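Peer 1: Note that the working numbering has the sequence shown beginning at 3, numbered continuously upward.
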Amino acid sequence: MTQPATPASVPTAPLSRLWGIDVARFCAIVGMMAAHLLGWGEYTPWLEAITSGFPSTLFAVLGGFGLVFASRRYASAPSSWPGIAAGIARGVVVLVLGLALEWLPQHPIAIILVYYGTAMILVAPLIYLRARWLLLLATALALLGPQLLGALPHDGYLELGNPVAAAQSVLFAGMYPALTWVAYLLIGVLLCRWFLAEREAGRSERAGAWLFIGGLGAGAVGWLAGWLYQEFWWEPPWDSGAGAPVSAGWNALLQLSTHTGSTVDLVRTAGLSVALIGLCLLATARSTAVPLGWRPIVGMGAAPLTAYTLHLLMTSFGLFFAGGMSVLLEPERVGWFSIAFVVQLLVLLVGGAYLFSRQRRGPLELLVSRVAQTAGELAWGRWEPRR
């Protein structure tokens with residue numbers, strides 16, 4: 003009798019690592035750092051346009067890519083359950099890490115990980131669905147999700163006082179409601195599956211170009227629709243939301259303000275995220291070896307969870323030792339945040355160079371991988387057909 007296959011014996015994909023995705027991940031992390039550290043001085047419109055809402059949505063779309071990459075090791079499994087179990091386990095670890103980071107000393111950052119981990123848990127059972135069903139679900143969430151969020155009470159805070167309030171804030175009422183983030187992840191899953199199929203057919207460059215062009219087009223359509231609504235129909239009470247539109251109806255469909263989760267906000271930010279991912283994939287399509295100057299970026303881009311956590315730790319404890327949140331109210335000390343941004347960026351680049359030179363994963367990525375692998379192996383054994 004032949005020995006049944008196990009996850010350890012499953013051959014990995016013969017294709018080399020897509021290091022353009024690591025570059026895109028690094029861009030997402032640096033964008034979030036800029037949003038958190040460079041927005042406290044004089045208002046800068048171009049910086050607001052680049053960093054408000056966009057980096058976090060890029061992070062979420064890339065999360066869909068990550069779920070697909072992680073599921074490929076279970077391609078020869080007897081059922082879809084090992085891949086689903088591994089994906090759920092990844093989400094649980096991210097959620098637990100997010101809860102732990104909520105206990106950091108005072109900081110002005112709305113931490114994304116609890117919402118992000120919850121969205122991963124919700125999307126993991128869906129990653130093996132046919133593309134048309136994923137597209138239908140993502141479209142429904144983009145159209146109907148904002149209507150629901152606009153109709154529900156919303157304050158943008160993560161409430162952890164009791165389980166019911168926590169679930170409501172994570173799914174609907176927080177700054178990054180999982181209902182919206184599921185749509186971003188599904189977009190990432192869909193596009194990653196399509197890109198990998200194109201890559202296996204030898205059409206990586208063309209696929210990257212289509213992602214770039216299509217993403218720019220979607221982003222432009224979303225922005226134009228929202229701008230027309232704002233310019234000729236409705237004047238928003240503020241420029242940025244707290245995770246949901248101000249109301250259901252036309253506002254939920256067409257409100258352009260960032261962090262609102264409206265349909266046009268979702269189309270705009272998802273489109274621009276896809277465009278940047280496509281650009282990174284297009285620029286790196288012909289190069290399997292990572293050039294020397296890119297190695298620190300790729301090394302830390304391959305460890306986005308570690309990079310994000312380092313950023314939170316450095317920001318939180320830096321503020322704590324500088325005197326707490328009151329620093330934000332002292333104009334003469336706001337410049338420190340620009341210095342902190344440069345210092346943190348250098349720390350990430352040095353860390354990325356080390357990880358790349360040693361060919362090591364980030365410590366948190368290693369933790370997530372091992373927990374997910376254990377869950378996948380347990381599910382593999384549980385649903386292995388009996389002989």
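C-beta atoms are modelled at their ideal positions from N, C-alpha and C, and glycine is treated no differently. These numbers come from a predicted model, not from an experiment.
With C-beta atoms as the reference, is residue 61 less than 7 Å away from residue 303?
Peer 2: In the sequence shown, the residue the question calls residue 61 occupies position 59. In the sequence shown, the residue the question calls residue 303 occupies position 301. Cβ atoms of residue 61 and residue 303: not closer than 7 Å.
Peer 1: Would you check if the stretch 290 to 300 and the stretch 79 to 92 touch, i.e. whether three or more CB-CB distances between them fall below 8 Å?
Peer 2: Segments in contact, no.
Peer 1: Can you give me the Cβ contacts of residue 156 inside the same chain, cut-off strictly under 6 Å, excluding the 5 residues immediately before and after it?
Peer 2: Along the sequence shown, one-based indexing puts residue 156 at 154. Once the five neighbours on either side are set aside, the close Cβ partners of residue 156 are 175 and 246.
Peer 1: Going straight from the alpha carbon of residue 171 to that of residue 160, what length do you get?
Peer 2: The residue you call residue 171 lines up with position 169 of the sequence shown. The residue you call residue 160 lines up with position 158 of the sequence shown. Their backbone Cα atoms lie some 6 Å apart in a straight line.
Peer 1: Measuring straight from C-alpha to C-alpha, what distance separates residue 315 and residue 325?
Peer 2: Taking the sequence shown and counting its residues from 1, one reaches residue 315 at position 313. Taking the sequence shown and counting its residues from 1, one reaches residue 325 at position 323. Between residue 315 and residue 325, the C-alpha separation is close to 16 Å.
Peer 1: Just to confirm before moving on: does the CB-CB distance between residue 113 and residue 101 stay below 7 Å?
Peer 2: Numbered from 1 along the sequence shown, position 111 holds the residue referred to as residue 113. Numbered from 1 along the sequence shown, position 99 holds the residue referred to as residue 101. Going by C-beta atoms, residue 113 is not nearer than 7 Å to residue 101.
Peer 1: Is the stretch 182 to 201 close to the stretch 120 to 127, with three or more CB pairs under 8 Å?
Peer 2: yes
Peer 1: CA-CA distance, residue 350 and residue 369?
Peer 2: Here residue 350 corresponds to residue number 348 of the sequence shown, with the count starting at 1. Here residue 369 corresponds to residue number 367 of the sequence shown, with the count starting at 1. Rounded to whole angstroms, residue 350 to residue 369 spans 19 Å at the Cα level.
Peer 1: Within 10 Å of its beta-carbon, does residue 260 have 16 or more other beta-carbons around it, so buried, or fewer, so exposed?
Peer 2: Here residue 260 refers to the residue found at position 258 when the sequence shown is read from its first residue. Its Cβ being crowded by 16 or more others within 10 Å, residue 260 is buried.
Peer 1: Mind checking residue 21: buried by the 16 CB within 10 Å criterion, or exposed?
Peer 2: Taking the sequence shown and counting its residues from 1, the one referred to as residue 21 is at position 19. Residue 21 should be labelled buried.
Peer 1: How many angstroms separate the CA atom of residue 210 from the CA atom of residue 30?
Peer 2: On the sequence shown, position 208 is the one that residue 210 refers to. On the sequence shown, position 28 is the one that residue 30 refers to. Those two C-alpha atoms are separated by around 18 Å.
Peer 1: Within 10 angstroms of the Cβ of residue 346, are there 16 or more other Cβ atoms? Answer buried if so, exposed if not.
Peer 2: Counting from 1 along the sequence shown, the entry for residue 346 is found at position 344. Classification of residue 346: buried, given that the 10 Å Cβ count is 16 or more.
Peer 1: Using a threshold of 7 Å, state whether the C-beta atoms of residue 219 and residue 270 are closer than that.
Peer 2: Within the sequence shown, residue 219 is the residue found at index 217, counting from 1. Within the sequence shown, residue 270 is the residue found at index 268, counting from 1. For residue 219 and residue 270, no; Cβs fall outside 7 Å.
Peer 1: Looking at residue 391: is its Cβ nearer than 7 Å to the Cβ of residue 221?
Peer 2: The chain is shown only over 3 to 389; residue 391 falls outside these bounds and no answer can be derived.
Peer 1: Specify, as a first and last residue, the run of the alpha helix (DSSP H) that residue 38 falls within.
Peer 2: On the sequence shown, position 36 is the one that residue 38 refers to. Counting along the chain, the alpha helix (DSSP H) containing residue 38 begins and ends at 21 to 39.
Peer 1: When burial is assigned at 16 or more other CB atoms within 10 Å of the CB, is residue 306 buried or exposed?
Peer 2: Counting from 1 along the sequence shown, the entry for residue 306 is found at position 304. Taking all protein chains shown into account, residue 306 has 16 or more neighbouring C-beta atoms within 10 Å of its C-beta and is therefore buried.
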